[in-house]
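Our numbering applies: residue 119 is where the sequence shown begins, and numbers increase by one.
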Amino acid sequence: MTSGRTLHEHLNATLEGVGIDEIIEHVTSLGDVLVLRPGPGDGSPEAAWGDVFLYSAPDGVVPRTQPFATVVTKHQPGDRSSRLDRPGTFRVNVGVGREEFTALVGRGPREPAGAGEPDPDVPDTVLAHPVYGELGWICVVDPGPRTEGTVRDLLRTAHGLARARQERREGA
């Protein structure tokens, strides 16, 4: 190895997870995306600081709808099951709808979780969202090599669904 890196360092670099900035970069490349990153001094609640909210917004104005995806970096009220209190841990949440949810999870969003479903804190695994799964949301804690492509595809799908909803509202 001419770079001076050990094999161990090379493997760790290769197996690193996907970062929040990479997720944002991918989503913004889809076009007409508004990224909100609440923080101190912007009037947002402290509970949202450090998280990311992704909207389809061709005009750059926050729409009166839910985001199509979020990235959360800490526990939210009523949602501690993903153990986001671990250092560097975050969770990507994506509203994919009933059909895609069923294809990914193996059950409908409103059906009870099966005995074989992974716990909601398993990293790099596509999971039913622990709170909003029944609404067709999936999540991935600390996306990595196993889920990177899937997460990108799901974000693209959710973005397309959000754009279609927006176009229907504007056409009505």
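For every residue, glycine included, the Cβ atom is placed at its ideal position computed from N, Cα and C.
What does a CB cutoff of less than 7 Å around residue i pick up in its chain, not counting 5 residues either side in sequence?
| i | result |
| --- | --- |
| Arg-225 | Gly-232 |
| His-193 | Leu-202, Asp-203 |
| Asp-260 | Gly-135, Thr-207, Phe-208, Pro-241, Asp-242 |
| Asp-197 | Pro-248, Val-249 |
| Thr-191 | Gly-168, Asp-169, Leu-202, Phe-208 |
How would you label residue i, buried or exposed, when you count the other beta carbons within 10 angstroms and need 16 or more for buried?
| i | result |
| --- | --- |
| Gly-278 | exposed |
| Val-269 | buried |
| Asp-237 | exposed |
| Glu-217 | exposed |
| Ala-246 | buried |
| Gly-161 | exposed |
| Ser-174 | buried |
| Pro-230 | exposed |
| Ala-276 | buried |
| Gly-149 | exposed |
| Ala-282 | exposed |
| Ala-187 | buried |
If you draw a straight line from the C-alpha of residue i to the C-alpha of residue j, how long is it?
| i | j | result |
| --- | --- | --- |
| Arg-286 | Ala-280 | 10 Å |
| Val-189 | Gly-135 | 14 Å |
| Trp-255 | Ser-200 | 14 Å |
| Val-249 | Gly-289 | 32 Å |
| Arg-264 | Asp-139 | 18 Å |
| Gln-184 | Ser-147 | 20 Å |
| Pro-227 | Ile-142 | 26 Å |
| Val-212 | Leu-253 | 11 Å |
Below 8 Å on the Cβ atoms is my contact criterion, and I expect residue i with residue j to pass it. Report the Cβ-Cβ distance as a whole number of Å.
| i | j | result |
| --- | --- | --- |
| Pro-176 | Trp-167 | Actually they do not touch by this definition, with Cβ atoms about 27 Å apart. |
| Val-145 | Leu-273 | 5 Å |
| Val-210 | Val-258 | 5 Å |
Could you pull out every residue in the same chain whose Cβ sits closer than 8 Å to the Cβ of residue i, ignoring the five residues on either side in sequence?
| i | result |
| --- | --- |
| Val-223 | Glu-235, Val-244, Leu-245, Ala-246, Gly-251, Ile-256 |
| Pro-195 | Ala-165 |
| Gly-178 | Leu-152 |
For residue i, which residues from the same chain have a beta carbon less than 6 Å from its beta carbon, with the 5 sequence-adjacent residues on both sides left out?
| i | result |
| --- | --- |
| His-128 | Below a pLDDT of 50, predicted positions are generally treated as unreliable, and His-128, at 33, falls in that range; the measurement from the model is reported next regardless. Correct list: empty, nothing qualifies. |
| Val-170 | Arg-155, Val-189 |
| Gln-284 | Ser-174 |
Within the segment 138 to 203, note down every full alpha helix (DSSP H) run reaching 4 residues or more, in order along the chain.
138 to 146
At 4 residues or longer, what runs of the alpha helix (DSSP H) sit wholly inside the segment 212 to 265?
215 to 223
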